[in-house]
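Visitor: Take this structure first; my questions come after.
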Amino acid sequence: MRLIPASAFGQTVLLIGVLLLINQIVSYLSVTYYFVRPTTQQISSLLATQMQSILSQELLNKPIEQRLQYAQQTNVDIMTTERALQQGLQQATHYHFMSDQVSANLGIRTDVRISSNQSSVGNTPYRVWLSLSAYPNVWVSIPLANDNYSGISPPPGMYLMVIGILSVTGGWWFVRHMNRPLKALQQAALQVGKGQFPPPLKEQGSSEMREVTRAFNRMSQGIKQLEDERTLMTAGISHDLRTPLTRIRLASEMLPENSQWVSDGINSDIEDMNAIIDQFIEYARNDHAEHWENDDLNTLINDITASHHRQSEHQITVKLNDLPRIPLRKIALKRVLDNLLENAFRYGGNAITISTFYDKKQNRVYCRVRDFGPGIPEASLDDVFMPFKQGDRARGSIGSGLGLAITRKIINMHFGGISLRNHPQGGLVAEFWLPINH
Numbered sequence: 212m213r214l215i216p217a218s219a220f221g222q223t224v225l226l227i228g229v230l231l232l233i234n235q236i237v238s239y240l241s242v243t244y245y246f247v248r249p250t251t252q253q254i255s256s257l258l259a260t261q262m263q264s265i266l267s268q269e270l271l272n273k274p275i276e277q278r279l280q281y282a283q284q285t286n287v288d289i290m291t292t293e294r295a296l297q298q299g300l301q302q303a304t305h306y307h308f309m310s311d312q313v314s315a316n317l318g319i320r321t322d323v324r325i326s327s328n329q330s331s332v333g334n335t336p337y338r339v340w341l342s343l344s345a346y347p348n349v350w351v352s353i354p355l356a357n358d359n360y361s362g363i364s365p366p367p368g369m370y371l372m373v374i375g376i377l378s379v380t381g382g383w384w385f386v387r388h389m390n391r392p393l394k395a396l397q398q399a400a401l402q403v404g405k406g407q408f409p410p411p412l413k414e415q416g417s418s419e420m421r422e423v424t425r426a427f428n429r430m431s432q433g434i435k436q437l438e439d440e441r442t443l444m445t446a447g448i449s450h451d452l453r454t455p456l457t458r459i460r461l462a463s464e465m466l467p468e469n470s471q472w473v474s475d476g477i478n479s480d481i482e483d484m485n486a487i488i489d490q491f492i493e494y495a496r497n498d499h500a501e502h503w504e505n506d507d508l509n510t511l512i513n514d515i516t517a518s519h520h521r522q523s524e525h526q527i528t529v530k531l532n533d534l535p536r537i538p539l540r541k542i543a544l545k546r547v548l549d550n551l552l553e554n555a556f557r558y559g560g561n562a563i564t565i566s567t568f569y570d571k572k573q574n575r576v577y578c579r580v581r582d583f584g585p586g587i588p589e590a591s592l593d594d595v596f597m598p599f600k601q602g603d604r605a606r607g608s609i610g611s612g613l614g615l616a617i618t619r620k621i622i623n624m625h626f627g628g629i630s631l632r633n634h635p636q637g638g639l640v641a642e643f644w645l646p647i648n649h
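Residue numbering for the sequence shown follows this note's numbering, beginning at 212 and increasing consecutively.
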C-alpha cells in the first residue's frame with residue numbers, strides 16, 4: 212500500500228496536513244505546559260491553602276451554626292453530601308489532574324470538582340467542590356470570584372482540531388485551484404496524443420502555468436497545421452497518380468486481342484496501385500468528423516461477418532457474448548474489423564474465429580480474431596503496427612503495410628488498445644479492447 216500519494220496535488224495536501232499537525236501538536240504542548248499547567252497549579256495551591264485554613268480551625272467537625280457563620284464571613288460553605296447535591300454538586304465535573312495537585316499539597320486524598328453556578332449573580336459564576344477522604348460526608352464549596360473566568364478545562368484540543376480541519380480544507384481547496392490548469396492541460400495533451408485537437412486552453416493560474424499553457428496552445432496549433440498539410444499533400448499526390456493510371460488502363464484496352472494477358476496483368480497492377488493509394492488516403496485522413504454513438508460491438512461484427520459469409524470459401528465461427536453498449540464511431544470501427552478479417556483470410560486461410568467478451572473488473576469489452584495460418588515471428592509482432600512494416604513477408608505479403616497501422620490509429624482514437632500474439636495451437640490472434648466510458 213502506497214503511503215505517499217503519487218500526484219503533486221496529493222503530495223502538497225499531505226505536506227500541508229503534516230505541517231499543520233506538527234503545528235497543532237506544538238501549540239497543544241505549549242498551551243498545556245506554559246499556560247494551563249501553571250494556572251491550574253496556582254489554583255490548586257490556593258485551594259489547598261484554603262483547605263488547610265479550614266482544617267486548622269477544625270471547621271469540618273464544628274456544629275452547623277459555626278459553619279454557617281464562617282460561610283457568611285468568607286463565602287466558603289461547608290455542607291453535607293445531601294445538601295451539596297441540592298446546591299449543584301450533582302452537575303459538577305470531576306478534574307483528575309487538579310485532584311492530584313491538591314492531594315499532593317495537602318497530603319490527603321482530595322476530590323476536586325467544578326460546577327457552573329447557574330443561580331449566582333455577579334462575579335461568582337463557578338464553584339469548586341472539595342471533599343477529603345478523611346471526611347467522606349463533608350463537602351467544601353468555594354466560589355471562583357473572577358469576572359473574566361471562563362472555566363477550567365483541559366487543553367483546548369477540540370478547538371485545535373477544528374482549526375486543523377479548517378486549515379487542511381483551505382489548503383486542499385487552494386491546491387486544487389492551483390492544479391486545475393494542470394488537469395486541463397493533461398486532458399488536452401491526451402487528446403492531442405490521440406490525434407484530436409481541442410480548442411486553445413484558457414490561460415489561467417500562476418505566471419509559470421500561463422507560459423506553459425501558451426506554449427502548449429502553440430504546439431497544438433502547429434501539430435494540427437502539419438496534420439492538415441499532410442492530409443492535403445497525400446490527397447493531392449493520390450489524385451495526381453490516378454490520372455496517369457487511368458490513361459494506362461485506357462491504353463491497355465487498346466492492345467491487340469493476342470496480348471490480352473498483358474492487358475490483364477496491367478489492370479491487376481492498376482487495381483493494386485489504387486488499393487495502395489486508398490490506404491494512403493485512409494491513413495492520412497482524420498475520422499474526427501464522424502459522430503460518436505452508443506452501440507453494441509456485436510452488432511457491428513454481425514454486419515461485417517454477414518458480408519463475408521456471401522463468399523462461399525470463407526468460414527467464420529462467431530462466439531459472441533453479451534456486451535454493454537459503448538461509445539464508438541461505427542464507420543471507423545467497421546474499418547478496423549474489415550482490416551482484421553481481410554488480413555486473417557489473406558494470410559491465415561479461409562477459416563477464422565471471432566469472439567467477444569466483457570471484463571467487468573477492468574470495465575472493457577474485448578474482441579478477438581483468430582486465424583489458423585502460420586502466424587508471425589515473435590520478434591516481428593510489435594513491428595507490424597508501424598507504417599510500411601510487414602511482419603509476414605514469408606507468407607507472400609502484398610500491399611503497403613498500412614492496414615494494421617490504420618487499425619491501431621482508430622483503436623487509439625477510441626482510447627483502447629490492440630495487440631497480436633501467436634496462438635499456442637497455431638495461427639495468429641488479433642485482440643483489441645475498448646473502454647466502456649471515456
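Just so you know, even glycine gets a beta-carbon here, dropped at the ideal spot from N, CA and C.
Being a predicted model, the structure only gives us computed values, none of them experimental.
Quick check on Ala315: buried or exposed, where buried means 16 or more other Cβ atoms within 10 Å of its Cβ?
Guide: So Ala315 counts as exposed.
Visitor: Rounded to whole angstroms, what is the Cα-Cα separation between Gly586 and Ile622?
Guide: Cα to Cα, the separation comes out at about 22 angstroms.
Visitor: Helix, strand or coil, according to DSSP, for Phe308 in the structure here?
Guide: Of the three classes helix, strand and coil, the one that applies to Phe308 here is helix, per DSSP.
Visitor: Under 8 angstroms by Cβ, that's how I've got Met430 and Pro392 pegged, so tell me the actual separation to the nearest angstrom.
Guide: Their Cβ separation, rounded to whole angstroms, is 16 angstroms, which puts Met430 and Pro392 out of contact at 8 angstroms.
Visitor: Rounded to the nearest angstrom, what separates Asn286 and Leu258 at their Cα positions?
Guide: Each residue's alpha carbon lies about 14 angstroms from the other.
Visitor: CB-CB under 7 angstroms to Asp549, same chain, minus the five flanking residues each way: which ones, in chain order?
Guide: Closer than 7 angstroms at the Cβ level, and outside the excluded window around Asp549, lie Ile515.
Visitor: Where Tyr244 and Gly416 are concerned, what is the direct C-alpha to C-alpha distance, given to the nearest angstrom?
Guide: Roughly 44 angstroms between the two C-alpha positions.
Visitor: Going straight from the alpha carbon of Lys530 to that of Gly228, what length do you get?
Guide: Going by the C-alpha atoms only, they are around 54 angstroms apart.
Visitor: To which residues does DSSP link Val640 through a beta bridge?
Guide: Bridge partners of Val640: Arg581, Arg632.
Visitor: Give me, in chain order, the residues of the same chain whose beta-carbon lies closer than 8 angstroms to that of Phe556; leave out the 5 immediate sequence neighbours on both sides.
Guide: For Phe556, where only same-chain residues beyond five positions count, the Cβ hits under 8 angstroms are His519, His525, Ile563, Asp582.
Visitor: For Trp340, which beta-bridge partners are listed by DSSP?
Guide: DSSP, once it has assigned bridges, lists Arg324, Ser352 as partnering Trp340.
Visitor: Check Leu539 in the structure and name its three-state DSSP category.
Guide: In the structure shown, Leu539 sits in a strand (DSSP, three-state: E or B).
Visitor: Assuming Thr567 contacts Leu615 (C-beta within less than 8 angstroms), just tell me the rounded distance between them.
Guide: Not a contact, Cβ separation roughly 20 angstroms.
Visitor: Hey, Thr291 and Asn348: beta-carbon distance below 9 angstroms or not?
Guide: Yes.
Visitor: To which residues does DSSP link Tyr569 through a beta bridge?
Guide: Its beta-bridge partners are Val576.
Visitor: Does the region 452-460 come within contact of the region 473-486, defined as at least 3 CB pairs closer than 8 angstroms?
Guide: A contact exists between the region 452-460 and the region 473-486.
Visitor: With distances taken Cα to Cα, identify the nearest neighbour of Met624 among Pro588, Glu440, Ile448, Pro538.
Guide: If we check each option's Cα against that of Met624, Pro538 comes out closest.
Visitor: Taking the alpha-carbon positions, what's the Val640 to Ser378 distance?
Guide: If you take the alpha carbons of Val640 and Ser378, they lie about 56 angstroms apart.
Visitor: Which residue marks the beginning of the alpha helix (DSSP H) containing Glu293, and which one marks its end?
Guide: 292-298 is the span of the alpha helix (DSSP H), which, as asked, contains Glu293.
Visitor: Does the Cβ of Asn359 have 16 or more other Cβ atoms within 10 Å, making it buried, or fewer, making it exposed?
Guide: Note on Asn359: pLDDT 43, under 50, position unreliable in the model; the coordinate value appears next. Asn359 comes out exposed.
Visitor: What does DSSP give as the partner residue(s) for Ile289 in the beta ladder?
Guide: DSSP output for Ile289 lists Val351 as bridge partner(s).
Visitor: With 16 other CB atoms within 10 Å as the buried threshold, where does Gly584 fall?
Guide: By the neighbour-count rule (16 or more Cβ atoms within 10 Å), Gly584 is buried.
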